[in-house]
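Be aware that the sequence shown starts at 1199, since it is given in the numbering used here, and climbs by one per residue.
Each residue gets a CB set at the ideal place from its N, CA and C atoms; glycine is no exception.
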Amino acid sequence: MEKQKFETILIFIVPEIIKLIVENYPYDEVMASKKFYESEVYSVLADEETKLWHLSPLTIYNMFDEETKTGKISFPEGA
1199 MEKQKFETIL IFIVPEIIKL IVENYPYDEV MASKKFYESE VYSVLADEET KLWHLSPLTI
1259 YNMFDEETKT GKISFPEGA
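Printed below as a string of structure tokens:
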């Protein structure tokens, strides 16, 4: 995939994930963004080759939530 297309996809996915973090954690948007961008989940998502961007924002949020709570990431089947 072209880099520009991939970056465009992230522009649509990431705000939805941030919104879910704000709804479920005691963070404002700035802190939620910081936590997400520092997460391993974001590192994997930002790597186009992992194809994690194919997953829904809710699924990616659930991965972030698991990482936050346990320090580990589980990838859904088929991911």
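Contact fails between the region 1241 to 1250 and the region 1216 to 1233, because fewer than three Cβ pairs, one in each stretch, are under 8 angstroms apart. By the C-beta density criterion, V1242 is buried, having at least 16 other C-beta atoms within 10 angstroms.
With contacts defined by Cβ atoms closer than 8 angstroms, I1216 and E1227 form a contacting pair. Counting every other CB atom within 10 Å of its CB across the protein chains shown gives L1256 a total below 16, marking it as exposed. Contact annotation: E1265 and I1271 have beta-carbon atoms nearer than 8 angstroms. At the C-beta level, P1274 and L1253 come within 8 angstroms of one another. Each of E1238, P1213 and D1245 was checked against the Cα of K1267, and the nearest Cα belongs to E1238.
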